[in-house]
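One structure below.
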């Protein structure tokens, strides 16, 4: 458990640094909505989702109802339902509900990426290590953005967020090099994402909704065309 926890903390460091930069710009939006630094900190600590939080801050700024906020954040964060379903298949059958809930607390794009790419059964302590580093960075970055978000140019803050894209490349490149089928579907996902963002009807959908549609379609096609054999079938 200690080894897995330390590895999770190690892999969570670049994610945390990227979160610190991205959430800094999110803090500017929180400040515009009238939140204090402490309120921004708690919002990011309890809801680690950039699109969902930005949507929530927008709703707060518009003085909308709680129902509208619930619906807005649910739609913006709906893709995490798919990620949670995928992670649930990585748990050992006897994994406790407590571990499942704690891991589900911080299912983000980046933490999901490093967790799902781990070989074998998911050890929750690996994810705990990554969360322990990444979540406080996200919350502290938001508080810093509320406090001093206007001191740095927006271009500088946006440039710092490039670290997250580099982390995603580090997640997908190794398995793509080992498996040609994975590499092909990674390329297909890139092309499909670009096309969906520019097609007449799909481009009107939110980024999260497009991600859900493409994830379901591409993963279903991959599973149907190239099913992965389980251990019993492989032994036979």
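Residue numbers (the working numbering): 26 to 261.
Glycine residues also receive a C-beta, built at the ideal position from the N, C-alpha and C atoms.
Q) So which of 168, 136 and 65 has the shortest CA-CA distance to residue 157? A) 136
Q. Would you report the Cα separation of residue 143 and residue 89, rounded to the nearest angstrom?
A. Rounded to the nearest whole angstrom, the C-alpha separation of residue 143 and residue 89 is 41 Å.
Q.
Is it buried or exposed, residue 59, if we count other Cβ atoms within 10 angstroms and call 16 or more buried?
A. exposed
Q) Can you tell me whether DSSP reads residue 114 as helix, strand or coil? A) Correct three-state label for residue 114: coil.
Q) Excluding sequence positions up to five away, which residues of its chain have a Cβ less than 6 Å from the Cβ of residue 258? A) In this prediction, residue 258 scores a pLDDT of 48, lower than 50, which makes its location untrustworthy; no coordinate-derived value is stated.
Q. Leaving out five residues before and five after residue 230 in sequence, what residues of the same chain have Cβ atoms less than 6 Å from its Cβ?
A. Cβ neighbours of residue 230 beyond the five flanking positions: none.
(Q) Are the CB atoms of residue 132 and residue 113 within a distance shorter than 7 Å? (A) no
Q) What's the call for residue 204, buried or exposed, on a 16-neighbour Cβ count within 10 Å? A) exposed
Q: Report the residue ranges of all beta strand (DSSP E) runs contained in full by the segment 73 to 103; include only those spanning at least 3 residues, in chain order.
A: none
Q.
According to DSSP, simplified to helix, strand and coil, what is residue 258?
A. Since pLDDT at residue 258 reaches only 48, below the 50 mark, its modelled position is unreliable, and no value is offered.
Q) How do the segment 66 to 84 and the segment 160 to 167 stand: do at least 3 beta-carbon pairs fall below 8 Å, yes or no? A) By the C-beta criterion, the segment 66 to 84 is judged to be in contact with the segment 160 to 167, since at least 3 inter-stretch pairs fall below 8 Å.
(Q) Could you compute how far the alpha carbon of residue 104 sits from the alpha carbon of residue 226? (A) When rounded, the distance between both Cα atoms is 19 Å.
Q | Reduced DSSP category for residue 147 - H, G, I as helix; E, B as strand; rest coil | A | coil
Q) Do you know how far the Cα of residue 52 is from the Cα of residue 62? A) Distance from the CA of residue 62 to the CA of residue 52, rounded to the nearest whole angstrom, comes to 8 Å.
Q: Output the residue ranges of the alpha helix (DSSP H) runs that lie fully inside the segment 191 to 250 and measure 4 residues or longer, sorted by chain position.
A: 205 to 221 and 232 to 250
Q) Going by the beta-carbon positions, is the gap between residue 240 and residue 107 smaller than 7 Å? A) Between residue 240 and residue 107, the CB-CB gap stays under 7 Å.
Q: For residue 78, count neighbouring C-beta atoms within 10 Å of its own C-beta (all shown protein chains included) and say buried if the count is 16 or more, exposed if not.
A: Per the 10 Å Cβ criterion, buried.
**Q.** N- and C-terminal bounds of the alpha helix (DSSP H) containing residue 68
**A.** 62 to 71
Q) Taking the continuous alpha helix (DSSP H) assigned at residue 26, which residues delimit it? A) Unbroken run through residue 26: none, as it is neither H nor E.
Q. Tell me which same chain residues have a C-beta within less than 6 Å of the C-beta of residue 256, skipping the five on either side of it?
A. Bear in mind that a pLDDT of 49 at residue 256, under 50, signals an unreliable position, so the number given afterwards is only what the model happens to contain. If we look at residue 256 and ignore the five residues flanking it on each side, it has no Cβ neighbours.
Q) If we count the other Cβ atoms within 10 Å of its Cβ and call it buried at 16 or more, is residue 145 buried or exposed? A) exposed
Q | Short CB-CB distance (under 7 Å) between residue 238 and chain D | A | Absence of chain D from the displayed structure is noted, only one protein chain being present.
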